[in-house]
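Okay, structure first, notes after.
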Amino acid sequence: MKKRKQVEQIASVERQHKKKSFHDKALELVRRVPFGKVTTYGAIAEALGAKLSARMVGYALHSAVNTDVPAHRVVNRFGALTGAIHFGHPDRMRQLLQAEGVSFLADGTVDMEKHFYAFRKAPQTAKRRKPLT
DNA sequence: ATCGTGACTGGGA
DNA sequence: ATCCCAGCCACGA
Numbered sequence: 000m001k002k003r004k005q006v007e008q009i010a011s012v013e014r015q016h017k018k019k020s021f022h023d024k025a026l027e028l029v030r031r032v033p034f035g036k037v038t039t040y041g042a043i044a045e046a047l048g049a050k051l052s053a054r055m056v057g058y059a060l061h062s063a064v065n066t067d068v069p070a071h072r073v074v075n076r077f078g079a080l081t082g083a084i085h086f087g088h089p090d091r092m093r094q095l096l097q098a099e100g101v102s103f104l105a106d107g108t109v110d111m112e113k114h115f116y117a118f119r120k121a122p123q124t125a126k127r128r129k130p131l132t
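Numbering that gives the first Met the number 0 puts the first residue of the first sequence at 0, with every later residue one more than the last.
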């Protein structure tokens, strides 16, 4: 559906006009994730006040490899290393985490119970979905 | 300039 | 339970 795309584009332009780069802010937050801890795309997006932009966070990190940003500490909400494919070798990301003492579960995901790092931003429990029906 | 899509996520059907 | 959709931002074609 094109309408959806158009709406997104318009929103994007407006955001850029009034705010600073979401991209840069996201990377800044990632830098705050402590050694041995991991966070999620959604957590970062939420901390930035745009919890629906989780996807964008990953995109931002894409251009952050080979920088001081610890991109390997960002996993998806389940603790899966979805960004591993961007680390050259499929196991690279996991190795980086293990080198920091991060433990994994049997299914290969990060043990979020132990290592999840939450940002100070208060969690918003308000619903964001449209009412519908 | 427009259009599609992505390292996501939660809610609806 | 599974599958689909909508919403955010940035960037390449």
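All C-beta atoms, glycine included, are put in the ideal place defined by N, C-alpha and C.
Phe103 carries a strand assignment under DSSP once its states are collapsed to helix, strand and coil. For Phe21, the enclosing alpha helix (DSSP H) starts and ends at 21–31. From the listed residues Ser62, Asp67, Ala98, Glu99, the smallest Cα separation to Gly82 is found for Ser62.
Distance between Gly35 and Ile43, taken at the CA atoms: about 17 Å. The DSSP-derived three-state label of Val109 is strand.
In the DSSP assignment, Thr39 is bridged to Val74. Its chain contains Ala44 as the residues whose beta carbon lies nearer than 6 Å to that of Ser52, once the 5 sequence neighbours on both sides are disregarded; these appear in chain order. Thr108 sits close to Phe77, with the two beta carbons spaced by under 8 Å. For Phe115, DSSP records a beta bridge to Val37. Ranked by Cα distance from Gly100, the options Lys113, Asp90, His88 are led by Lys113. For Gly57, the enclosing alpha helix (DSSP H) has its first and last residue at 53–61. Here the alpha carbon of Phe103 sits roughly 9 Å from the alpha carbon of Arg93. DSSP, reduced to helix, strand and coil, places His88 outside both helices and strands of the structure shown, so it counts as coil. Residue burial annotation: Pro69 is buried, with at least 16 other C-beta atoms found within 10 angstroms of its C-beta.
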